[in-house]
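**Student:** A single structure is presented below for examination.
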Amino acid sequence: MPAGPSPAVAADPYGAAHDAARALAAATGVERHDVVVVLGSGWVGAADALADPGSTPVEVDVTDLPGFVPVVAEGHVGRVRSTVLGGLRVLTFLGRTHLYEGRGAAQVVHAVRTAAAAGCRLAVLTNANGSLRPEWGTGTGVVLRDHLNLADATPLAGPRFVDLTDAWAPRWRERALAAGPDLVEGVYAMLRGPHYETVAEALMLRTLGADVVGMSTVPEAIAAREAGLELLGLSVVTTVEATGEVIDGEEVVRVAAAAATRLGGVIATVLAGATDLMPAGSTAGRESTP
-6 MPAGPSPAVA ADPYGAAHDA ARALAAATGV ERHDVVVVLG SGWVGAADAL
44 ADPGSTPVEV DVTDLPGFVP VVAEGHVGRV RSTVLGGLRV LTFLGRTHLY
94 EGRGAAQVVH AVRTAAAAGC RLAVLTNANG SLRPEWGTGT GVVLRDHLNL
144 ADATPLAGPR FVDLTDAWAP RWRERALAAG PDLVEGVYAM LRGPHYETVA
194 EALMLRTLGA DVVGMSTVPE AIAAREAGLE LLGLSVVTTV EATGEVIDGE
244 EVVRVAAAAA TRLGGVIATV LAGATDLMPA GSTAGRESTP
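Right, dumping it as structure tokens:
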């Protein structure tokens, strides 16, 4: 398995993100974007909801952009899509790099840093999770309220002191809960993986205050907040932890895929008509080359 970040990210992670943003603008014909959506395991089907009817998305292979590496995880695709949705320019990454791939946190967050350099002011991060609450069955959509970083990793180095109080923006959480009345709100714990949790570990996480657990998202959230982006997190329950049942990676992807279209609709509803809610510095409403 390949180890370490791409040479460009290893040499200068922030410079590599700006180089990738310039290449993305050239490839899509869109100078700046407003929102970045990162799709987790099995979530690819959500992408089709993130474009106005009749509009023409533009897709780019991420390996054609500086600093990116092939996407290898099951249920992920190594492409990024540029769309228009309700007056917003949306970048959707159809897959992500994970810490367990051994490339380091800087590589994991390269997509989010590229999106920030491309003008995005809101990041919507999605994933599949294991539920630590037996009443939250498979297919349940979870709005992330907070997180526990138990992966022993951060994309930050040096004196970069980022405040993570209310990291997951309350106003976007409220919009998501209104858009999906069947959604619940909870705390996400990230472990490094790639192994799944033991029963004892799942019980420990619940005691610590976590509601769901997974292997992604938190490094990207930290990088997004460092760059000044607001955050919305959506997760789908694909397994229920601490039951003693065997966890199957293929089943995780299958369950997430079954919920992806519905949850993609939630994201689209959240973003619809939200141009006036975009944070300062947003490009919403700005003319761009189609």
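So the sequence shown is numbered by our numbering: it starts at -6 and just counts up by one.
Don't be surprised by glycine CBs; every beta carbon is placed ideally from N, CA and C.
Owing to the predicted nature of the structure, the values given are computational and were not obtained by experimental measurement.
1. So, do the region 104 to 111 and the region 84 to 94 have three or more beta carbon pairs nearer to each other than 8 Å?
2. Could you say which of Ser48, Leu92, Gly60 and Tyr189 lies nearest to Arg74 if we only look at CA atoms?
3. Would the region 172 to 187 count as touching the region 134 to 141 if we require 3 or more Cβ pairs under 8 Å?
4. If we ignore side chains and look at the alpha-carbon of each, how far apart do Leu43 and Ala252 end up?
5. Got a sec? Which residues, its chain only, sit under 6 Å from Gly258 by beta carbon, not counting five neighbours each side?
6. So, using beta-carbon positions, are Val31 and Ala150 closer together than 8 Å?
7. Is the separation between the beta-carbon of Val206 and that of Ala182 shorter than 8 Å?
8. Let's see if you can read the secondary structure: which residues bound the beta strand (DSSP E) around Asp54?
9. To the nearest angstrom, how far is the alpha carbon of Val53 from that of Ala169?
10. State the DSSP-derived secondary structure class of His103, mapped to helix, strand or coil.
11. For a minimum of 3 consecutive residues, which ranges assigned as the beta strand (DSSP E) are wholly contained in the region 147 to 189?
12. In whole angstroms, what is the alpha-carbon distance linking Thr276 and Ile260?
13. So for Ser281, helix, strand or coil by DSSP?
14. Please look up how many angstroms separate the CB atoms of Glu223 and Val102, rounded, as I've assumed it's under 8 Å.
15. For Ala162, I'd like the list of residues in its chain whose CB is within less than 6 Å of its CB, leaving aside the five on either flank, ordered along the chain.
16. With DSSP as the reference, label Gly132 as helix, strand or coil.
17. Classify Ala(-4) as buried or exposed, calling it buried when 16 or more other Cβ atoms lie within 10 Å of its own Cβ.
18. Checking the sheet assignment: what are the DSSP bridge partners for Phe86?
19. Taking DSSP as the reference, what is the three-state secondary structure of Val65?
20. Determine, using beta carbons only, whether Ala249 comes closer than 8 Å to chain D.
21. From the DSSP output, which residues share a beta bridge with Glu223?
22. Alpha carbon to alpha carbon, what distance is there between Leu115 and Asn142?
23. State the Cα-Cα distance for the pair Thr210 and Leu184, rounded to the nearest angstrom.
24. Given a cut-off of 8 Å, decide if Ala121 and Val233 are closer than it, judged by their beta-carbon atoms.
25. Return the residue from the list Asp145, Cys113, Glu190 and Pro127 that minimises the CA-CA distance to Gly97.
26. Apart from the five residues on each side of it in sequence, which residues of its chain come closer than 6 Å, Cβ to Cβ, to Gly71?
27. As a quick exercise: from Glu128, Gly22, Glu243 and Arg15, pick the residue whose alpha carbon is nearest that of Pro50.
28. Does DSSP put Ser275 in a helix, a strand or coil?
29. Rounded to whole angstroms, what is the Cα-Cα separation between Ala1 and Thr90?
30. List the DSSP bridge partners of Leu78.
**Tutor:** Looking at the atomic coordinates:
1. With a cut-off of 8 Å, the region 84 to 94 and the region 104 to 111 count as touching, because enough Cβ pairs lie within range.
2. Working through the sequence shown from its first residue, we reach residue 74 at position 81. Checked all of Ser48, Leu92, Gly60 and Tyr189; the closest Cα to Arg74 is Ser48.
3. Contact between the region 172 to 187 and the region 134 to 141 is present, because at least three Cβ pairs lie under 8 Å.
4. Taking the first residue of the sequence shown as position 1, residue 43 is located at position 50. Taking the first residue of the sequence shown as position 1, residue 252 is located at position 259. Computed Cα separation, rounded: 15 Å.
5. As a working mapping, residue 258 is identified with position 265 in the sequence shown. Result list for Gly258: Ala42, in chain order.
6. Working through the sequence shown from its first residue, we reach residue 31 at position 38. Working through the sequence shown from its first residue, we reach residue 150 at position 157. No.
7. Indexing the sequence shown from 1 puts residue 206 at position 213. Indexing the sequence shown from 1 puts residue 182 at position 189. Yes, the pair counts as a contact, with Cβ atoms nearer than the cut-off.
8. Here the question's residue 54 lines up with position 61 in the sequence shown. Start and end: Val51 to Asp54.
9. If you number the sequence shown from 1, residue 53 lands on position 60. If you number the sequence shown from 1, residue 169 lands on position 176. Taking C-alpha positions only, Val53 is separated from Ala169 by approximately 28 Å.
10. One-based indexing of the sequence shown puts residue 103 at position 110. Correct three-state label for His103: helix.
11. Listed in chain order, the beta strand (DSSP E) runs fully inside the region 147 to 189 are 177 to 183, counting runs of at least 3 residues.
12. Residue mapping note: residue 276 aligns to position 283 of the sequence shown, counting from 1. Residue mapping note: residue 260 aligns to position 267 of the sequence shown, counting from 1. Summary for Thr276: the model assigns pLDDT 44, below 50, so the residue's position carries little reliability, and this model does not support an answer.
13. Translated into positions along the sequence shown, residue 281 becomes position 288. Bear in mind that a pLDDT of 37 at Ser281, under 50, signals an unreliable position, so the number given afterwards is only what the model happens to contain. Looking at Ser281 - three-state DSSP - the assignment turns out to be coil, as it is neither helix nor strand.
14. The residue given as residue 223 occupies position 230 in the sequence shown. The residue given as residue 102 occupies position 109 in the sequence shown. The C-beta distance from Glu223 to Val102 rounds to 16 Å, too long to meet the 8 Å contact threshold.
15. Looking up residue 162 in the sequence shown gives position 169. In the same chain as Ala162, and ignoring 5 residues on each side of it, the C-beta atoms closer than 6 Å to its own belong to Glu223 and Leu224, in chain order.
16. The count along the sequence shown starts at 1 and reaches residue 132 at position 139. The three-state secondary structure of Gly132, taken from DSSP, is coil.
17. Along the sequence shown, read from residue 1 onward, the residue named residue -4 stands at position 3. The residue in question, Ala(-4), is exposed, as its Cβ has fewer than 16 Cβ neighbours within 10 Å.
18. On the sequence shown, residue 86 is found 93 positions in, with the first residue counted as 1. Note: Phe86 sits in a beta bridge opposite Val31 and Val73.
19. What you label residue 65 is simply residue 72 of the sequence shown in a count that begins at 1. Three-state DSSP puts Val65 in coil, outside helix and strand.
20. Any reference to chain D falls outside this structure, which holds one protein chain only.
21. For the purposes of this step, residue 223 is taken as the residue at position 230 of the sequence shown. Leu115.
22. On the sequence shown, residue 142 is found 149 positions in, with the first residue counted as 1. On the sequence shown, residue 115 is found 122 positions in, with the first residue counted as 1. For Asn142 and Leu115, the distance between alpha carbons rounds to 21 Å.
23. Translated into the one-based positions of the sequence shown, residue 210 becomes position 217. Translated into the one-based positions of the sequence shown, residue 184 becomes position 191. Each residue's alpha carbon lies about 10 Å from the other.
24. As a first step, residue 233 is located in the sequence shown; it is residue number 240 there, counting from the start. As a first step, residue 121 is located in the sequence shown; it is residue number 128 there, counting from the start. Not a contact, by the Cβ cut-off of 8 Å.
25. In the sequence shown, the residue the question calls residue 97 occupies position 104. Closest in C-alpha terms to Gly97, from the list Asp145, Cys113, Glu190 and Pro127, comes Asp145.
26. Translated into positions along the sequence shown, residue 71 becomes position 78. Val55, Pro63, Val64 and Gly88.
27. If you number the sequence shown from 1, residue 50 lands on position 57. Comparing alpha-carbon positions, the option among Glu128, Gly22, Glu243 and Arg15 lying closest to Pro50 turns out to be Gly22.
28. The count along the sequence shown starts at 1 and reaches residue 275 at position 282. Below a pLDDT of 50, predicted positions are generally treated as unreliable, and Ser275, at 45, falls in that range; no measurement from the model is reported.
29. Looking up residue 1 in the sequence shown gives position 8. Looking up residue 90 in the sequence shown gives position 97. Cα to Cα, Ala1 sits roughly 16 Å from Thr90.
30. Position 85 of the sequence shown, counted from the first residue, corresponds to residue 78. Residue pairing of Leu78 in beta bridges, as defined by DSSP: Leu81.
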